[in-house]
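Take a look at the structure set out below.
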Amino acid sequence: MTQNAEIMACEQFQARLPELLGSGKNLDTHPHLRHCPLCRALLADLETIAEAARQLFPVVEPPDDLWLQIESALQKEEASPERDPGSDA
Amino acid sequence: MVVSRLDPESPELPPRRLGEEAVQRPQADPAKPLPADPSDEAELLQRVQSGDHQAFAELYSLQKRRIYSLCMRMVGNVAEAEDLTQETFLQLHRKISTFRGDSAFSTWLHRLAINAVLMQLRKKGLSLISMDEAMEPDPDSGSSRSFGAHDPALIGSIDRMALERAVSELPAGYRLVFILHDVEGYEHPEIAAMLDCSVGNCKSQLHKARLRLRAALRSDSPQESRR
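Line by line, the protein sequences are chains A and B. Under the numbering used here, the first residue of the first sequence is numbered 1, with each subsequent residue one higher. Under the numbering used here, the first residue of the second sequence is numbered 90, with each subsequent residue one higher.
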């Protein structure tokens, strides 16, 4: 019974987690986390992933011939008066 | 507004939602540095706006890595990233006359690229955000029941390559929100506006993306392999 109650509490907490994390609030003092090592570990994992994300995907060089393709496309566009009407940024 | 944080060359990046460490963005090619003086960039942009083809080529040379890298992150495919980089610079050429300097040029160009990616993904029929999907439990990301006391924690053990691989394997909608928020540093209201969804939906998508990454990384971990 106690275990079921803890599981429910975890599920309720995790259901609210997207909103709690998105709020930017410090969750360290959240009542559920004070007594739930599993959810503390989950939160720590998510923080680790978010922090690691900042180091992902270094800047890479496009192929040299990409400029030639762009230049060619620009010349075609300039030769034609029509522009893409649905291209608003 | 998040002008400076969107510029990988910017030395100042504000704190993020989870964690406080400074972000070390990759630098541009030192052989082709961005104009150190803002007036140099303004002068270059003026030349581009006046139709100077050589100036446009210089601008491409300065910005190509940032834009190509952004496209690569968002679509995870070389051919598509090349197409989207080309489309971004064609859009830039079409629209440069409308740039008035209300925001940083790098921010403006960054948004052009993101819009190009989003348009491409929508053309391919990607349903970026579904409210129903966002609010439902994700069976592939694990739940409180599956997170047992003996599961390995990730703390301090994330391999960058493994995480990049896991990100590339995310469903496109999850990957997009994760890249925009956790890698590019956009806030939820900005992403929600870009993707035309609610902020709550966006938060839910991001959370599910992180849960999937966690599940993928845990299944990759040596401890898990031994079990």
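Yeah, the Cβ is synthetic: ideal placement off N, Cα and C, and Gly gets one too.
Original post:
How do the region 157 to 171 of chain B and the region 261 to 273 of chain B stand: do at least 3 beta-carbon pairs fall below 8 Å, yes or no?
Top reply: Yes, the region 157 to 171 of chain B touches the region 261 to 273 of chain B.
**OP:** Pull out every residue of the region 14 to 45 of chain A whose Cβ sits closer than 7 Å to any Cβ of chain B, in chain order.
**Re:** For the region 14 to 45 of chain A, which is checked against every Cβ of chain B, the residues closer than 7 Å are Q14, L17, P18, E19, L21, G22, G24, L38, A41, L42, A44, D45.
Subject >> Selection from A/E78, A/F13, A/S72, A/S80 that minimises the alpha carbon distance to A/C39 >> reply: Position 39 of the first sequence, counted from the first residue, corresponds to residue 39 of chain A. Ranking A/E78, A/F13, A/S72, A/S80 by Cα distance to A/C39 puts A/F13 first.
Subject >> Backbone secondary structure at B/Y275 - three-state DSSP >> reply: Stepping through the second sequence from its first residue, residue 275 of chain B is reached at position 186. Coil.
**OP:** Say whether the region 59 to 68 of chain A touches the region 256 to 265 of chain B, bearing in mind that this needs 3 or more beta-carbon pairs closer than 8 Å, one atom from each stretch.
**Re:** Using a Cβ-Cβ distance cut-off of 8 Å, the region 59 to 68 of chain A and the region 256 to 265 of chain B are not in contact, since fewer than three pairs of beta carbons, one from each stretch, lie closer than that value.
Original post:
For A/A79 and chain B, any beta-carbon pair shorter than 8 Å?
Top reply: One-based indexing of the first sequence puts residue 79 of chain A at position 79. No, A/A79 lies away from the interface with chain B (no Cβ there is under 8 Å from its Cβ).
Subject >> Supposed contact pair B/V266 and B/L302 - C-beta distance, whole angstroms, cut 8 Å >> reply: Translated into the one-based positions of the second sequence, residue 302 of chain B becomes position 213. Translated into the one-based positions of the second sequence, residue 266 of chain B becomes position 177. With 8 Å as the limit, B/L302 and B/V266 do not qualify as a contact, their Cβ atoms being about 12 Å apart.
Subject >> the region 143 to 160 of chain B / the region 177 to 187 of chain B touching (three or more Cβ pairs under 8 Å) >> reply: Per the Cβ contact rule, the region 143 to 160 of chain B is in contact with the region 177 to 187 of chain B (3 or more Cβ pairs under 8 Å).
Original post:
Excluding sequence positions up to five away, which residues of its chain have a Cβ less than 6 Å from the Cβ of B/K174?
Top reply: The count along the second sequence starts at 1 and reaches residue 174 of chain B at position 85. One detail in the question is off: residue 174 of chain B reads as Thr in this sequence, not Lys. Hits under 6 Å: I156, Y157, C160.
**OP:** Specify the secondary structure class of B/L159 as computed by DSSP and reduced to three states.
**Re:** By one-based count along the second sequence, residue 159 of chain B stands at place 70. DSSP, read as helix, strand or coil, puts B/L159 in helix.
Subject >> For B/G140, the three-state DSSP class (helix, strand or coil) >> reply: Walking along the second sequence from the start, residue 140 of chain B turns up at place 51. Under the three-state reduction of DSSP, B/G140 is assigned to coil, being neither helix nor strand.
**OP:** Please list the residues of the region 55 to 68 of chain A that have a C-beta atom closer than 9 Å to any C-beta atom in chain B, keeping them in chain order.
**Re:** Per Cβ criterion, the list reads Q55, L56, F57, P58, V59, V60, E61, P62, P63, L66, W67.
Subject >> Neighbour list for B/Q175 in chain A, Cβ cutoff strictly below 8 Å >> reply: Here residue 175 of chain B is taken as the residue at index 86 of the second sequence, counted from 1. Here the neighbours are L66, Q69, I70, A73.
Original post:
Where B/N290 and A/H32 are concerned, what is the direct C-alpha to C-alpha distance, given to the nearest angstrom?
Top reply: Position 201 of the second sequence, counted from the start, is the residue given in the question as residue 290 of chain B. Position 32 of the first sequence, counted from the start, is the residue given in the question as residue 32 of chain A. Whole-angstrom Cα-Cα distance: 24 Å.
**OP:** Determine the contact status of B/L269 and B/F194, defining contact as a CB-CB distance below 8 Å.
**Re:** Position 180 of the second sequence holds residue 269 of chain B. Position 105 of the second sequence holds residue 194 of chain B. Remark: C-beta atoms of B/L269 and B/F194 do not approach each other more closely than 8 Å.
Original post:
For the putative contact between B/I203 and A/A52, defined by C-beta atoms under 8 Å, what is the C-beta separation to the nearest angstrom?
Top reply: Position 114 of the second sequence holds residue 203 of chain B. Position 52 of the first sequence holds residue 52 of chain A. That belief does not hold up - the Cβ atoms of B/I203 and A/A52 are roughly 22 Å apart, past 8 Å.
Original post:
Excluding sequence positions up to five away, which residues of its chain have a Cβ less than 8 Å from the Cβ of B/L201?
Top reply: As a position in the second sequence, residue 201 of chain B is number 112, starting the count at 1. The beta carbon of B/L201 is closer than 8 Å to those of T177, Q180, L181, K184 in its chain, skipping five residues each way along the sequence.
Original post:
Roughly how many angstroms lie between the CA atoms of B/K213 and B/A282, to the nearest whole one?
Top reply: Position 124 of the second sequence, counted from the start, is the residue given in the question as residue 213 of chain B. Position 193 of the second sequence, counted from the start, is the residue given in the question as residue 282 of chain B. For B/K213 and B/A282, the distance between alpha carbons rounds to 20 Å.
Original post:
At a CB-CB cut-off below 7 Å, which residues of chain A make contact with B/K153?
Top reply: Position 64 of the second sequence, counting from 1, holds the residue named residue 153 of chain B. Residues of chain A whose Cβ lies closer than 7 Å to the Cβ of B/K153 are, in chain order, P62.
**OP:** Thinking B/K297 and A/G22 are a contact (beta carbons under 8 Å), I'd like their distance in whole angstroms, please.
**Re:** The residue labelled residue 297 of chain B in the question sits at position 208 within the second sequence. The residue labelled residue 22 of chain A in the question sits at position 22 within the first sequence. No, B/K297 and A/G22 are not in contact; Cβ-Cβ is about 12 Å, not under 8 Å.
**OP:** Please report the residue range of the alpha helix (DSSP H) in which B/R183 lies.
**Re:** Translated into positions along the second sequence, residue 183 of chain B becomes position 94. Residues 167 to 184.
**OP:** Express the C-alpha separation of B/L207 and B/E130 in angstroms, rounding to a whole number.
**Re:** Looking up residue 130 of chain B in the second sequence gives position 41. Looking up residue 207 of chain B in the second sequence gives position 118. For B/E130 and B/L207, the distance between alpha carbons rounds to 28 Å.
**OP:** Return the chain-ordered list of same chain residues with a C-beta closer than 6 Å to the C-beta of A/E76, the five sequence neighbours on each side being excluded.
**Re:** Working through the first sequence from its first residue, we reach residue 76 of chain A at position 76. The sequence given here has Lys at residue 76 of chain A, not Glu. Excluding sequence neighbours, A/K76 sits near nothing in its chain.
Subject >> Rounded C-alpha distance that separates B/D309 from B/A251 >> reply: The residue given as residue 309 of chain B occupies position 220 in the second sequence. The residue given as residue 251 of chain B occupies position 162 in the second sequence. Cα-Cα distance, rounded: 8 Å.
Original post:
Leaving out five residues before and five after A/A73 in sequence, what residues of the same chain have Cβ atoms less than 7 Å from its Cβ?
Top reply: In the first sequence, the residue the question calls residue 73 of chain A occupies position 73. Closer than 7 Å at Cβ, skipping near neighbours: no residue.
**OP:** Verify the CB distance criterion: does B/I247 have a CB-CB separation below 8 Å to chain A?
**Re:** Residue numbering aside, residue 247 of chain B sits at position 158 when the second sequence is read from its first letter. Closer than 8 Å: yes.
Original post:
Name the chain A residues whose beta carbon is nearer than 7 Å to that of B/H296?
Top reply: Position 207 of the second sequence, counting from 1, holds the residue named residue 296 of chain B. Per Cβ cutoff of 7 Å: L17, P18, L21.
Original post:
Is A/H30 helix, strand or coil by DSSP?
Top reply: Position 30 of the first sequence, counting from 1, holds the residue named residue 30 of chain A. Coil at A/H30, not helix or strand.
Subject >> Whole-angstrom distance between B/F145 and A/I70, CA atom to CA atom >> reply: Here residue 70 of chain A refers to the residue found at position 70 of the first sequence. Here residue 145 of chain B refers to the residue found at position 56 of the second sequence. Counting only the Cα atoms, B/F145 lies some 11 Å from A/I70.
Subject >> Beta-carbon proximity list for B/V288, same chain, < 6 Å, skipping 5 on both sides >> reply: Here residue 288 of chain B refers to the residue found at position 199 when the second sequence is read from its first residue. If we look at B/V288 and ignore the five residues flanking it on each side, its Cβ neighbours are H277, P278, A281.
Original post:
DSSP three-state call for B/I247: helix, strand or coil?
Top reply: The residue labelled residue 247 of chain B in the question sits at position 158 within the second sequence. In the three-state DSSP reduction, B/I247 falls in the coil class, being neither helix nor strand.
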